[in-house]
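Before any comments, here is the structure.
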Amino acid sequence: MNRYLKTFYLALIAGLALSVASWAHAGMAPRGTGDLGIIIERASGSVKIIETSTQTVLRRVEGFGDLSHASVVYSRDERYAYIFGRDGGLTKLDILTGKIVKRIIQGGNSIGGAISQDGSLVAVSNYKPGGVKVFDSKTLELVADIPAVSADGTQSKTIGLVDIPGQKFVFSLYDAGETWIADFSKSRTPEITKFTNTGELPYDALVTDDGRYYVAGLFGEDGLAKLDLWQIDKGITRILDGYGRGEEKLPVYKMPHLEGWAKAGDHIFLPAIGRHEVLIVDQRSWKEVGRISVHGQPVFVVARPDGRQVWVNFAHPRNDTLQVIDVPSRKIIKTFKPGKAILHMEFTPRGEQVWVSVRDANRVDVYDTRTFERLKEIQAEKPSGIFLTARAHRTGL
Amino acid sequence: MRSPLFVPAFFLSASVAFASEWEPAPERKAELFNLVIQDCGSCHGLTMKGGLGSPLLPQNLEGKDTDVLTAIVLDGLPGTPMPPWRSQFQDGEARWIIEQLKKGLEQ
Chain A
1 MNRYLKTFYL
11 ALIAGLALSV
21 ASWAHAGMAP
31 RGTGDLGIII
41 ERASGSVKII
51 ETSTQTVLRR
61 VEGFGDLSHA
71 SVVYSRDERY
81 AYIFGRDGGL
91 TKLDILTGKI
101 VKRIIQGGNS
111 IGGAISQDGS
121 LVAVSNYKPG
131 GVKVFDSKTL
141 ELVADIPAVS
151 ADGTQSKTIG
161 LVDIPGQKFV
171 FSLYDAGETW
181 IADFSKSRTP
191 EITKFTNTGE
201 LPYDALVTDD
211 GRYYVAGLFG
221 EDGLAKLDLW
231 QIDKGITRIL
241 DGYGRGEEKL
251 PVYKMPHLEG
261 WAKAGDHIFL
271 PAIGRHEVLI
281 VDQRSWKEVG
291 RISVHGQPVF
301 VVARPDGRQV
311 WVNFAHPRND
321 TLQVIDVPSR
331 KIIKTFKPGK
341 AILHMEFTPR
351 GEQVWVSVRD
361 ANRVDVYDTR
371 TFERLKEIQA
381 EKPSGIFLTA
391 RAHRTGL
Chain B
1001 MRSPLFVPAF
1011 FLSASVAFAS
1021 EWEPAPERKA
1031 ELFNLVIQDC
1041 GSCHGLTMKG
1051 GLGSPLLPQN
1061 LEGKDTDVLT
1071 AIVLDGLPGT
1081 PMPPWRSQFQ
1091 DGEARWIIEQ
1101 LKKGLEQ
């Protein structure tokens, strides 16, 4: 190449680099991420980065693989989203720049994840091969692999993975009916404590937001399993034993979710499995104190952050409807039909808006939770989960 | 993409070989496809690679009896989360779904 031409190109490149750098400074003013979140587009393996104050989509990012049943946790600085996909993919997304920082295929078939109390570890629970893998949240390098093989050699799918204080993760073994605590407080090789009597087919679990109680829903039994994490020597106890005793269970077309369970005051609102009911449980006695008949089999039962309302969506074939329960009166105060296949609801951190994904309408609707007015419709391709960054600071999410 | 020439040939051979086979109407087919992917997919994975429910790819169903699998779809597997779908489908529709799964949904 001609020497002059070379100099010219070099200068051109330098100039470009400079202008990009200054543009980055001027155009992209520093900003926080507390107003942001992502919408999973489950069929196309893409996500939309959204801003809740303006109710707008900032960008769309592709390349996440199979996102059916995807879930998300956030780094504690709320800048990075860790997205867990069905194909075993774990993707770290920078939501400020919309860039995928790193993507690995960590297992065959993952179902959900959690981030440790100090934010340094990301755990993923897998169906196949069943177990939990734990990664460094910066580099996504493998820190620990915990296969879910019980004493008799059964290989289990793992479900209900949550983080709890003390740099621990808790999860349950679907096939074997066990609950394990993995303690990373001393080293990156976890100490495992096992409870082998969780019950038949635990399908999902929740942890109360103080990190004290772990409650697993049981598919094979009419009841739930509870573990008091402040007194683990007391072991697993059964709660709501036989809540549907004597009644024929309806076919369950979609497994209910316990993550995103609703707590309002001293009461926890839970989806009844195989029934058109929401159960109300007193969090002190762990006894049922009431139930509310609803439109269908509940999937998500979530409380507005102030605990005054509980919103419920339903399983196929009644999944075109949303209901709102007024907590003080325990009455349904609103029934909407936004469209077919309502998959998820997410409240803004202080609860003035709720974002609702309506999969078959390819839409996410934003509602005012006080007036129930629809504020905005946002186009999205087969939207499922909606995850706002405020989750970064909640135990168990 | 299937070549346009191939399509009539395919239909011809299909109608000869399975003259008595029942098929859902085209709109119902589309509905059933969507339902299999989205609703069966919520347990079996959108791509049928498995989830809480077992994988339903052609290689997983190969050699398994169509009648037995059709009965599982209609009546469920008691004691497991596999629900009965009898109130949602006619028998022929359930069989048609199994046939599609055996061929692979990608086709």
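These protein sequence lines are chains A and B, in that order. Per my numbering, the first sequence starts with residue 1, numbered consecutively. Per my numbering, the second sequence starts with residue 1001, numbered consecutively. Where is the CB? At the ideal position from N, CA and C, for every residue including glycine.
Under 7 Å between C-beta atoms of residue i and residue j
i       : j       : result
A/S46   : A/E62   : yes
A/L67   : A/G85   : yes
A/V278  : A/V301  : yes
A/G112  : A/K128  : no
A/R318  : A/F347  : no
A/E377  : A/D368  : no
A/D183  : A/K194  : no
A/V122  : A/F171  : no
A/V124  : A/L90   : yes
B/I1037 : B/T1070 : no
A/H316  : A/Y253  : yes
A/V281  : A/V207  : no
A/L227  : A/I236  : yes
A/T52   : A/D77   : no
A/T54   : A/G211  : no
A/A225  : A/V327  : no
B/L1052 : B/C1040 : no
A/G220  : A/D204  : no
A/L115  : A/V73   : Note that residue 115 of chain A corresponds to Ile in the displayed sequence, not to Leu. Yes.
A/R359  : A/K334  : no
Listed by chain order, chain B residues near residue i by CB distance under 8 Å
i      : result
A/G220 : G1079
A/P317 : Q1088
A/K42  : Just to set this straight, residue 42 of chain A is Arg in the shown sequence, not Lys. Neighbours of A/R42 on chain B, chain order: L1046.
A/Y127 : G1050, G1051, L1052
A/K157 : L1052
A/A341 : Q1038
A/N109 : G1045, K1049, G1050, G1051
Under 8 Å by beta carbon: chain A residues contacting residue i
i       : result
B/P1123 : A query on residue 1123 of chain B cannot be resolved here, the shown segment of chain B reaching from 1001 to 1107 and no further.
Under 7 Å from the C-beta of residue i: neighbouring residues of chain A
i       : result
B/G1041 : S68
For residue i, the first and last residue of its enclosing beta strand (DSSP E)
i       : result
A/L353  : Here the sequence assigns Gln to residue 353 of chain A, which means Leu is not the residue at that position. Unbroken beta strand (DSSP E) run through A/Q353: 353-358.
B/K1103 : First-last for B/K1103: 1091-1103, but that is the alpha helix (DSSP H), not the beta strand (DSSP E).
B/A1071 : Unbroken run through B/A1071 is the alpha helix (DSSP H), 1066-1075; no beta strand (DSSP E).
A/H344  : 342-347
A/S172  : 168-173
A/I95   : Here A/I95 belongs to no beta strand (DSSP E), and DSSP marks it neither H nor E.
A/F372  : Neither: A/F372 is in no beta strand (DSSP E) and is coded neither H nor E.
B/E1106 : B/E1106 -> no beta strand (DSSP E), and no H or E assigned at all.
A/P288  : This sequence places Glu at residue 288 of chain A; Pro is not what is there. Where A/E288 is concerned, the enclosing beta strand (DSSP E) stretches over 288-293.
B/Q1088 : Looking at the DSSP string, B/Q1088 is not in any beta strand (DSSP E), and its letter there is neither H nor E.
A/R238  : 236-239
A/G274  : Premise fails: A/G274 is in no beta strand (DSSP E) and is neither H nor E.
A/F219  : Careful: A/F219 lies outside any beta strand (DSSP E) and carries neither H nor E.
A/A225  : 224-228
B/P1055 : Here B/P1055 belongs to no beta strand (DSSP E), and DSSP marks it neither H nor E.
A/A390  : A/A390 -> no beta strand (DSSP E), and no H or E assigned at all.
A/L250  : No beta strand (DSSP E) holds A/L250; DSSP gives it neither H nor E.
A/L67   : From DSSP, A/L67 is part of no beta strand (DSSP E); its letter is neither H nor E.
Residue range of the alpha helix (DSSP H) that includes residue i
i       : result
B/A1030 : 1026-1035
B/L1061 : 1058-1061
B/G1041 : 1041-1044
Residue i: contacting residues in chain A (beta-carbon distance under 9 Å)
i       : result
B/G1104 : Neighbours of B/G1104 on chain A: none; closest Cβ ~16 Å, over 9 Å.
B/T1047 : D66, S68, R86, D87
B/G1076 : P251
Identity of the residues DSSP links to residue i by a beta bridge
i      : result
A/Y74  : A/A81
A/I268 : A/K263, A/V281
A/E191 : A/D183
A/E51  : A/L36, A/T56
A/S125 : A/G112, A/V132
A/E62  : A/S46
A/R103 : A/T91
A/G307 : According to DSSP, which records beta bridges pairwise, A/G307 is partnered with nothing at all.
A/V327 : Its beta-bridge partners do not exist; DSSP assigns none.
A/D233 : Answer by DSSP bridge pairing: none, since A/D233 is not bridged.
A/E178 : A/L173
A/E41  : A/S46, A/P383
A/S155 : At residue 155 of chain A the sequence reads Gln, which differs from the Ser that was named. BP columns for A/Q155 point to A/V149.
A/F314 : A/P298
A/T335 : A/Q323
A/L142 : A/F135
**Q.** the region 1066-1084 of chain B / the region 136-144 of chain A touching (three or more Cβ pairs under 8 Å)
**A.** no
Q. When the Cβ atoms of the region 173-189 of chain A are set against those of the region 147-161 of chain A, are three or more pairs found closer than 8 Å?
A. yes
(Q) Any contact between the region 377-391 of chain A and the region 196-205 of chain A? By contact I mean 3 or more CB pairs, one from each, below 8 Å. (A) no
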